[in-house]
Amino acid sequence: MDRKTAAESNVKAPERALGDEADRVRGRLPRGRRRTRGRLRSLVIPFLAIVTALIIGALVIVFTDETVYAAFGDGVGRGVARASSVITRAYGAFFSGALGNPVRIITALFSGQGTQIRRAIYPLTETIRISTPYIFAGLAVALGFQGGLFNIGAEGQYFVAGLVTVFVGYAVTGLPGIIHLPLALLAGAVGGGIWGAIPGLLKAKTGAHEVINTIMMNYIAFRLAEFMLDANGPMARGDGRPVSPEIQPSAYLPQFFPNQIEIRVNTGFLLALAVAVLVWWLLYKTTLGYEIRTVGANPRAARYAGMSVARTVVITMALSGALAGLSASTDILGVLHFMPNAFSSGYGFDAIALALLGKSHPFGVVLASLLFGALRAGAQNMQGIAQVPVDLTSIVQGLIIVFIAAPEIIRKLYRLRQPVASDELVTVRGWGGA
Amino acid sequence: MRKRVSIGLVAILLASLVLNACGGGAASGYKVGMVTDMGGVDDKSFNASGWKGIEDAIKELGIEGSYLESQQQTDYATNITQYVNQGTNLIITVGYMLADDTANFAKANPDINFAIVDFAYDPPIDNVRALTFATDQASFLAGYAAAAATKTGKVACFGGINIPSVSIFMVGYEAGVKYYNAQHGTDVQVLGWSTAANNGVFVGNFESTDDGRRTGEEFLAEGADVIMAVAGPVGQGTAEAVQVAGNAWFIGVDQDWTLTAPKYTDVILTSVLKNIDVAVFDTIKLASAKDFAGFGGESYVGTLANDGVGLADVADGAIPSEIVDELEDVRKGIIDGTIDSGWETYLSGL
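So the sequences go chain by chain: X and R. Per our numbering, the first sequence runs over residues 4 to 437. Per our numbering, the second sequence runs over residues 83 to 432.
If you want it as structure tokens, here you go:
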């Protein structure tokens, strides 16, 4: 839980950066103390949103458990006892599946036994592995939000990038890893980037809304993948299954535990962190980033300031698509090593939630992705140990987003004070567009 | 005050973490785990059927069984890992999408036995039992019954995705219709699949009941009055369309649809049974026996002869009683090999 504390401290950064500029313009001193308090306050809502979602999740678990009803039949005391033991069991499995069991990790570390240590840290490695594609996809949507664009096409960009990456991965042979791997990654980024740039171009040239066009591009991407990977399709492996051939080992992302097939955490995670820093640098330290944010904040003002809104829109969408594409590339090059037709990951759609939760800031997205990775890893374990359906994660995820998107609910629920107006802009701007 | 309550709840959650460390699962008996594909265990199709086999084994053989559902491709390995770490004796993976992961884990864990539904490795893997089904034999019978039941002279079928485990139904269905035509001098046409053209109608997924309804309506508009849907839950949409239209029949696959989707009973002509539960039960029985010496790469093929596939009862009054008797003769003919149910011929012709 305390990971969240760190999570929220970054969340205010976009407003802060803009605020600082505003302060500089007005010739004011930076608001040091005021800012720290504001930052702390801004993490209250996401934290309470997560806690509230988990509490409601617990209620769902209890209300769908027949043994609880049976126990209540025997008396209220029995029922309450049963309910709390069901929750303890489920959430115990959930947390140990997401973060590992601290007792077990410590004993394993002291035992010094390889197998024990690997099994103890396995849950953590799964959380990190699952959060890797989430980071890329979340960054994609967040970058779009920053530029005032709502990229709902991350899922389609993911598919196209997957096709391109896997093709470069299996069809290009004889290259050393040091060339093949970057080439495959680049191919994915370019594939996703082109798929993202098309709706950007349509918006810039014709004014067609990117929400509509990215959704439509999704369908084209899904059907394209279906055609390419159909059992008799051009990219099929040829064993009667709708899957691509395996990629060459030279295109594999290096694994942290190369000889352990169950531990799949790989260097894609480091790449994701590096790209998050890169996106932050792009947004807040470069002219292009400033243009993206200005177009996002107020396209008319941007045009008045001499920026090319059309060009910025296309670039933003292309970069967004490239980021979404990398999410597929890392999954294929680091985890799957092939592409199945039924690739449907939902990452592209979860990414919208991630960008909202991370308040469209790259570091906020990283932390939100780690949270979602933990939720998914925990859910798989909870299913195995406590027989709670994995769908519970979707419920918890959904609730978190509802509470983040409608903070009023949380404020009412916990009787929080209304914040000053300036704390609450951002993120939804993408809806309107230019 | 409320804040304090939520802090208390967080404390409980954290405490549960520590408590969980103390609980160790007491292992006893033979443990079987099933990993579903993305359809989930309540798909009323092959995941559900596989799970029924485990439930039967829990009751009759006293084994311990559980399942893990997968939401996406990368979950398969996660779930298999869970079972490996839990010391599971037999891991059953449902569907060809799990073939790569199953092979990897089977090779890395030679002391654990695996079984995979709908996929056979070439060459076979020692500790994996492939569970495949000659569903063409059963759908041949369904085609025969459909040809007898149609009044318009047109019967239809469609699939989810064009993969062998789906098209095998359609090949057998068409062969059954043609056999009926040859026997009775009729000219019943098959829409949605042609073995000669090696192509047919596929909706592209195993989820969308909307696609099922739309495809069903199209076939009805083209004059077909019997429709077989080989697409899992997609067929529910088709059954709905058939029920709304009236005067037409629906043929279900995998399980007996009068049991799994009873609200469509009045339009269900019959169901092509792919008894995955029988195969799973058979595999558990084999592997949990005391003198079990390993699969040795042996595979299971469900046929009419071993009840791995079959045809559910045909709706009362849908076909004349002499056709019901003929179906029994055709069944015997397929079992003894005098009637060709189509799939082997189709494969050799590719």
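Beta carbons: idealized from backbone N, C-alpha and C, even for Gly. A quick note: this is a predicted structure, and the numbers were derived from the prediction, not measured.
Nearest CA to the CA of residue i: which residue from the options?
i	options	result
VAL391(X)	ASP119(R), LYS126(R) and SER148(R)	SER148(R)
VAL272(R)	GLY242(R), GLY384(R) and VAL308(R)	VAL308(R)
HIS340(X)	THR319(X), PRO257(X), ARG420(X) and THR289(X)	PRO257(X)
ASN269(X)	PRO410(X), TYR94(X), LEU419(X) and THR130(X)	THR130(X)
ALA303(R)	VAL210(R), ALA238(R) and GLY115(R)	ALA238(R)
VAL393(X)	LYS345(R), VAL123(R), ASP411(R) and GLU299(R)	VAL123(R)
LEU146(X)	GLY199(X), VAL171(X), TYR417(X) and ILE124(X)	GLY199(X)
VAL399(X)	ASN384(X), MET219(X) and PHE375(X)	PHE375(X)
PRO245(X)	GLY379(R), SER247(R), GLY334(R) and THR297(R)	SER247(R)
THR421(R)	ASN244(R), THR170(R), LYS260(R) and VAL166(R)	Just to set this straight, residue 421(R) is Ile in the shown sequence, not Thr. The shortest C-alpha separation from ILE421(R) is found at LYS260(R).
VAL312(X)	ALA321(X), GLU294(X) and GLY328(X)	GLU294(X)
SER332(X)	GLY196(X), LEU360(X), ALA74(X) and GLN116(X)	GLY196(X)
ALA157(X)	THR128(X), ALA224(X) and GLY180(X)	ALA224(X)
ASN104(X)	GLY115(X), ARG121(X), VAL54(X) and LEU62(X)	ARG121(X)
ALA387(R)	THR217(R), ALA181(R), LEU432(R) and GLN168(R)	THR217(R)
GLY203(X)	PHE66(X), THR315(X) and VAL47(X)	THR315(X)
ASP407(R)	TYR226(R), LYS126(R), ILE198(R) and GLY328(R)	TYR226(R)
PHE98(X)	TYR125(X), VAL83(X) and GLN119(X)	TYR125(X)
GLU142(R)	PHE363(R), ASP193(R) and SER423(R)	PHE363(R)
LEU227(X)	VAL282(X), TYR161(X), ILE264(X) and PHE259(X)	TYR161(X)
ALA279(R)	GLY115(R), ASP119(R) and GLY431(R)	GLY431(R)
ALA371(X)	LEU286(X), ASP334(X) and LEU276(X)	LEU276(X)
Give me whichever residues DSSP pairs with residue i in a beta bridge.
i	result
ASP389(R)	Per DSSP, none; premise fails for ASP389(R).
GLU146(R)	LYS113(R)
PRO343(X)	VAL246(X)
SER423(R)	DSSP, once it has assigned bridges, lists no residue as partnering SER423(R).
GLY194(X)	GLY194(X) pairs with nothing; no bridge assigned.
PHE240(R)	ALA311(R)
TYR382(R)	LEU213(R)
PHE275(R)	For clarity, residue 275(R) is Trp in the given sequence; the question names Phe instead. Bridge partners of TRP275(R): GLY282(R).
TRP331(R)	VAL308(R)
SER134(X)	SER134(X) pairs with nothing; no bridge assigned.
ALA197(R)	ILE174(R) and ARG211(R)
ASP336(R)	LEU355(R)
ASN269(X)	GLN258(X)
ILE350(R)	PHE332(R)
Any heavy atom of the ligand GDP closer than 6 Å to the Cβ of residue i?
i	result
GLN263(X)	With respect to the ligand GDP, the structure shown offers nothing to examine, as it has no ligands at all.
Thinking residue i and residue j are a contact (beta carbons under 8 Å), I'd like their distance in whole angstroms, please.
i	j	result
TYR428(R)	VAL253(R)	5 Å
ASN281(R)	VAL270(R)	About 20 Å; that fails the 8 Å criterion.
GLY286(R)	ILE250(R)	Not confirmed; about 18 Å, so no contact.
ARG295(R)	GLY319(R)	4 Å
ALA220(R)	VAL117(R)	The pair is not a contact, with the Cβ atoms about 26 Å apart (cut-off 8 Å).
GLY317(R)	ALA311(R)	3 Å
ASP200(R)	THR214(R)	6 Å
ALA397(R)	ILE350(R)	6 Å
Any C-beta of chain R within less than 8 Å: which residues of the stretch 326-337 of chain X qualify? ASP334
Does the stretch 137-152 of chain R come into contact with the stretch 353-365 of chain R, if we say contact requires no fewer than three beta-carbon pairs (one atom in each stretch) closer than 8 Å? yes
Where the stretch 252-265 of chain R meets chain X: residues whose CB sits under 9 Å from a CB there: none
Using 8 Å as the Cβ pair cut-off and three pairs as the minimum, do the stretch 201-208 of chain X and the stretch 344-364 of chain X touch? no
Proximal residues, the stretch 415-428 of chain R versus chain X, C-beta separation under 8 Å: none
Cβ contact (3+ pairs, closer than 8 Å) linking the stretch 407-419 of chain X and the stretch 156-174 of chain X: no
Give the residues from the stretch 262-278 of chain X that approach chain R closer than 8 Å (Cβ to any Cβ), ordered along the chain. Hits within the stretch, in order: ILE264, GLU265 and ARG267.
For the stretch 223-234 of chain X, which residues have a CB atom closer than 8 Å to at least one CB atom of chain R, in sequence order? Within the stretch 223-234 of chain X, the residues whose Cβ lies closer than 8 Å to some Cβ of chain R are ARG226, GLU229, ASP233 and ALA234, listed in chain order.
Mind checking the stretch 175-197 of chain R against chain X and listing, in chain order, the residues whose C-beta falls within less than 8 Å of any C-beta there? TYR178, MET179, ALA181, ASP182, ASN186, PHE187 and ALA190
Could you please tell me which residues of the stretch 392-404 of chain X, in chain order, have their CB closer than 9 Å to any CB of chain R? PRO392, VAL393, ASP394, THR396 and SER397
Scan the stretch 117-130 of chain X for residues whose Cβ lies nearer than 9 Å to a Cβ of chain R and list them as they occur along the chain. Result list: ARG122, TYR125 and GLU129.
Would you be able to state if there are at least three C-beta pairs under 8 Å between the stretch 167-184 of chain X and the stretch 297-309 of chain X? By the Cβ test, the stretch 297-309 of chain X is not in contact with the stretch 167-184 of chain X, since fewer than three Cβ pairs between them sit closer than 8 Å.
Touching by the beta-carbon criterion (3+ pairs, under 8 Å), the stretch 177-194 of chain R and the stretch 323-337 of chain R: no
According to a CB-to-CB cut-off of less than 7 Å, which residues of the stretch 241-261 of chain X neighbour chain R? GLY243, ARG244 and PRO245
Closer than 8 Å, Cβ to any Cβ of chain X: which residues of the stretch 121-150 of chain R, in chain order? Result list: SER148 and LEU150.
Could you say if the stretch 151-165 of chain X and the stretch 306-325 of chain X meet the contact criterion of at least three C-beta pairs nearer than 8 Å? yes
Output, in sequence order along the chain, the residues in the stretch 157-170 of chain R whose CB is closer than 9 Å to any CB in chain X. ASP157, ALA159, THR160, ASN161, ILE162, THR163, GLN164, TYR165, VAL166, ASN167 and GLN168
If contact is defined by three or more beta carbon pairs under 8 Å, each pair taking one atom from either stretch, is the stretch 379-387 of chain X in contact with the stretch 149-165 of chain R? yes
Going along the chain, which residues of the stretch 197-222 of chain X sit with their C-beta nearer than 7 Å to a C-beta in chain R? When CB distances to chain R are screened at a threshold of 7 Å, not a single residue of the stretch 197-222 of chain X falls below it.
What are the residues of the stretch 152-169 of chain X that lie near chain R, defined by any Cβ-Cβ distance shorter than 9 Å? none
With three or more beta-carbon pairs closer than 8 Å as the criterion, would you say the stretch 129-143 of chain X touches the stretch 357-365 of chain X? Yes: at least three Cβ pairs fall under 8 Å.
Interface residues of the stretch 234-247 of chain R facing chain X [CB-CB below 9 Å]: Of all residues in the stretch 234-247 of chain R, only ILE243, ASN244, ILE245, PRO246 and SER247 come within less than 9 Å of chain X when Cβ atoms are compared, listed by chain position.
Note down, in chain order, all residues in the stretch 373-394 of chain X with a beta-carbon under 9 Å from any beta-carbon belonging to chain R. Within the stretch 373-394 of chain X, the residues whose Cβ lies closer than 9 Å to any Cβ of chain R are, in chain order, ARG379, ALA380, ALA382, GLN383, ASN384, GLN386, GLY387, ILE388, GLN390, PRO392, VAL393 and ASP394.
Relative to chain X, which residues along the stretch 274-286 of chain R have a C-beta separation below 8 Å, given in chain order? GLY286
Using a Cβ cut-off of 9 Å, which residues of the stretch 318-343 of chain R contact any Cβ in chain X, in chain order? none
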